[in-house]
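**Student:** One gets the working numbering by counting positions in the sequence shown from 1 and adding 713 to each.
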Amino acid sequence: MPWIDEKKCTGCGICIERCPVNAIKEEEGKAKINMNECIHCGTCHDVCSREAVRHDGEKIPEDVKANVEMTKKFMEACAKYLGDDKEKRKCLMRMTKYFNKEKLVAEKTLEGIEKLKNM
Ligand code: SF4
Ligand code: SF4
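(1) Measure the C-alpha to C-alpha separation of Gly825 and Glu740 and round it to an integer number of angstroms.
(2) Candidates Lys828, Lys799, Val781, Gly742: which alpha carbon is nearest Thr809's?
(3) Does the region 718 to 730 come into contact with the region 765 to 776, if we say contact requires no fewer than three beta-carbon pairs (one atom in each stretch) closer than 8 Å?
(4) At which residues does the beta strand (DSSP E) containing Glu815 begin and terminate?
(5) Could you have a look at Glu740 and say whether DSSP puts it in helix, strand or coil?
(6) For the 8 Å Cβ check, are there 3 or more pairs between the region 786 to 793 and the region 740 to 760?
(7) Below 8 Å on the Cβ atoms is my guess for Ile746 versus Ile752; work out the distance and round it to an integer in Å.
(8) What residue range is occupied by the uninterrupted alpha helix (DSSP H) comprising Cys725?
(9) For ligand 2, is there a heavy atom less than 7 Å away from the beta-carbon of His768?
(10) Bridge partners for Ile746 per DSSP, in chain order?
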């Protein structure tokens with residue numbers, strides 16, 4: 714999924730004009746993508762001469778850090794609201810299950826979309 718690096722975006726408006734589904738708007742002089750409308754066509758990335766439209770992959774370290782921090786926060790909240798340290802470990806187990814489920818969904822999705830090659 715594309716995202717805009719606000720430090721690089723000059724607000725020139727080219728991507729806004731070229732987006733085929735009007736998913737990009739200008740906010741305070743910067744382009745902003747509405748991900749609910751984006752169809753992932755890649756046009757904004759191709760037309761931006763400032764390299765301000767970035768790829769999702771660049772956010773992997775940031776996303777991993779956020780997930781680890783979220784897990785830590787839930788563990789501490791479970792211990793606080795449910796009473797003891799055993800709850801922390803139970804919470805960690807639930808979060809492990811959750812991320813394993815997400816991994817499985819991603820793997821199965823990749824298998825599913827592979828079949829779309831013949832569409
Ligand atoms: S084309 Fe690039 S610099 Fe111009 S508004 Fe879009 S993201 Fe910003
Ligand atoms: S990827 Fe395509 S649809 Fe999505 S914001 Fe960019 S130009 Fe618009």
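Every residue, glycine too, gets a C-beta built ideally from N, C-alpha and C. Values in this document were obtained by computation on a predicted structure and should not be read as measured data.
**Tutor:** Per the coordinate set shown:
(1) Taking the sequence shown and counting its residues from 1, the one referred to as residue 825 is at position 112. Taking the sequence shown and counting its residues from 1, the one referred to as residue 740 is at position 27. Each residue's CA atom was taken as its position, placing Gly825 and Glu740 some 37 Å apart.
(2) Here residue 809 refers to the residue found at position 96 when the sequence shown is read from its first residue. For Thr809, the nearest C-alpha among the options comes from Val781.
(3) Contact between the region 718 to 730 and the region 765 to 776 is present, because at least three Cβ pairs lie under 8 Å.
(4) Looking up residue 815 in the sequence shown gives position 102. Glu815 -> not in any beta strand (DSSP E); alpha helix (DSSP H) instead, spanning 798 to 827.
(5) Counted from its first residue, the sequence shown places residue 740 at position 27. Three-state DSSP puts Glu740 in a strand.
(6) Here the region 786 to 793 makes no contact with the region 740 to 760; the two share fewer than three CB pairs at distances below 8 Å.
(7) On the sequence shown, residue 746 is found 33 positions in, with the first residue counted as 1. On the sequence shown, residue 752 is found 39 positions in, with the first residue counted as 1. Rounded, the Cβ-Cβ distance is 11 Å, inconsistent with contact.
(8) For the purposes of this step, residue 725 is taken as residue 12 along the sequence shown, with counting starting at 1. Where Cys725 is concerned, there is no enclosing alpha helix (DSSP H), given that its DSSP letter is neither H nor E.
(9) Within the sequence shown, the letter at position 55 stands for residue 768. Checking every heavy atom of ligand 2 against the Cβ of His768, none is found closer than 7 Å.
(10) Counting from 1 along the sequence shown, the entry for residue 746 is found at position 33. The partner list for Ile746 (beta bridge, DSSP) reads Ile737.
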